[in-house]
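S.K.: I'd like to ask some things about the structure below.
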Amino acid sequence: MSDAVVIEDLHKSFGPLEVLTGIDLTVTSGEVVCVIGPSGSGKSTLLRCVNLLESPTRGRIHTLGVEITDPDCELDALRRRIGMVFQQFNLFGHLTVLDNLTIAQRRVLRRTRAEAERIARENLDRVGLGDKAGAYPAHLSGGQQQRVAIARSLSMGPELMLFDEPTSALDPELVGDVLTVMRDLATEGMTMLVVTHEMAFARDVADRVVFMDGGVIVEQGAPAAVLGDPTEERTRTFLRRVL
Ligand code: ADP
Ligand code: MG
């Protein structure tokens, strides 16, 4: 088993504000790691450091075997191998679902239209939206739009998927379909780093749960341990609030 992400002594400040103060975290290939913790604890910043959307103030990160904290690394090439799904879906409103899925495949990966459309349709089927290829995003529910965003990421053939609260903007009744897609991905062996408030998802799907607070990892381990029998008082306090 190789390591998909290795984070060593990661620090990140925004001006005087220290947001991450010494994070060490490894994600093994094929592993699903869920990151939980209160708002403002640095979860999004951590995730964004993994593909260098934020650059660390200190520390080293290897992502998919590339030292991304090395200024000479081939960042564009690496980013093509990483999918990222945010709370906001960021679909192109003027393009059909199919075109949303093919545009980066054609422009970035230089696939032909036929090849890109074949892969796009495969991935739409995978997220249960095979019949929506011709629809425009505005005509889809939030949950459907998020599944399109996931299918768009998958169409690029990522080796690692980063999810930042993918269901937080959705009406409660739309959350389940998105989580089902993520659960299927996990079952298929995708390496996933997932920031989430969905404790049931973390409990059932994660190989490991990481609890962050105040810019550090307070506790991590098997879901049953961290969520069911945490050792740290801060974890217990957080769980009492959300469960
Ligand atoms: P979480 O995702 O756990 O809610 P974030 O990583 O988004 O936490 O934010 C952690 C802290 O960093 C917050 O106090 C937030 O206001 C601050 N922060 C995040 N991004 C920036 C930025 N680009 N500039 C300044 N402060 C930021
Ligand atoms: Mg966040």
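Residues in the sequence shown are numbered from -16 upward in steps of one, following our numbering.
Glycine is no exception: its CB is placed at the ideal position from the N, C-alpha and C atoms.
Computed from a predicted structure; not experimentally measured.
Verify whether the separation of the beta carbon atoms of Thr150 and Val158 is less than 7 angstroms.
M.R.: yes
S.K.: By the three-class DSSP mapping on this structure, what secondary structure does Gly126 have?
M.R.: Of the three classes helix, strand and coil, the one that applies to Gly126 here is helix, per DSSP.
S.K.: Have a look at Pro54 and Asp212 and give me their C-alpha separation to the nearest angstrom.
M.R.: 42 angstroms
S.K.: Need the endpoints of the alpha helix (DSSP H) that Leu112 sits in, please.
M.R.: First-last for Leu112: undefined, no H or E at that position.
S.K.: For the beta strand (DSSP E) holding Arg17, just list the boundary residues, first then last.
M.R.: Residue identity differs from the one stated: residue 17 is Cys in this sequence, not Arg. Taken as a continuous stretch (DSSP letters only), the beta strand (DSSP E) holding Cys17 covers 15 to 19.
S.K.: At a cut-off of 6 angstroms, is Ser138 close to the ligand ADP when judged by its beta-carbon and the heavy atoms of the ligand?
M.R.: no
S.K.: What number of angstroms, rounded off, separates the C-alpha of Val199 from the C-alpha of Glu148?
M.R.: 19 angstroms
S.K.: Can you give me the Cβ contacts of Ser24 inside the same chain, cut-off strictly under 8 angstroms, excluding the 5 residues immediately before and after it?
M.R.: Met195, Asp196, Gly197, Gly198
S.K.: Check this for me: beta carbons of Gly48 and Leu(-7), under 7 angstroms apart or not?
M.R.: no
S.K.: Does the distance from the C-beta atom of Arg130 to that of Val164 stay below 7 angstroms?
M.R.: yes
S.K.: Quick one: using the 10 Å Cβ neighbour count with 16 as the cut-off for buried, is Met174 buried or exposed?
M.R.: Reading the sequence as shown, one finds Thr at residue 174 and not Met. With 16 or more other Cβ atoms within 10 Å, it is buried.
S.K.: Which one of Val161, Val201, Lys(-5), Gly172 has the shortest CA to CA distance from Phe184?
M.R.: Val161
S.K.: Applying the criterion that 16 or more other CB atoms from any shown protein chain within 10 Å of the CB defines a buried residue, is Phe221 buried or exposed?
M.R.: Classified as buried, Phe221 has 16 or more neighbouring CB atoms from the shown chains inside 10 Å of its CB.
S.K.: What number of angstroms, rounded off, separates the C-alpha of Glu1 from the C-alpha of Ala118?
M.R.: 44 angstroms
S.K.: Sort out for me which residues DSSP pairs Gly241 with in a bridge.
M.R.: There is simply no residue 241 to check, as the chain begins at -16 and stops at 226 in what is shown.
S.K.: Could you tell me which residues DSSP pairs with Arg43 in its beta bridges?
M.R.: Glu(-9)
S.K.: Flag this pair as touching only if the stretch 64 to 77 and the stretch 112 to 126 have three or more C-beta atom pairs under 8 angstroms; answer yes or no.
M.R.: Yes, they touch.
S.K.: Does the distance from the CB of Glu202 to the CB of Glu215 come in under 7 angstroms?
M.R.: yes
S.K.: In chain order, what residues of the same chain lie with their CB nearer than 6 angstroms to the CB of Ile51, ignoring the 5 residues before and after it?
M.R.: Leu35, Ile44
S.K.: Among residues of its own chain, excluding the 5 on either side of Val209, which ones have a beta-carbon nearer than 7 angstroms to its beta-carbon?
M.R.: Val192, Phe194, Glu202, Gln203, Thr218
S.K.: Using a 10 Å radius around the Cβ and a threshold of 16 neighbouring Cβ atoms, would you call Ala103 buried or exposed?
M.R.: buried
S.K.: Cα-Cα, which of Val188, Thr46, Gln88 is closest to Leu143?
M.R.: That would be Thr46, whose Cα lies nearest to the Cα of Leu143.
S.K.: Curious, which full-length alpha helix (DSSP H) runs of at least 4 residues does the stretch 130 to 173 contain?
M.R.: 155 to 170
S.K.: Quick one: Cα of Ser(-4) to Cα of Leu29, how far?
M.R.: 11 angstroms
S.K.: Is the beta carbon of Gly125 less than 7 angstroms from the beta carbon of Leu153?
M.R.: yes
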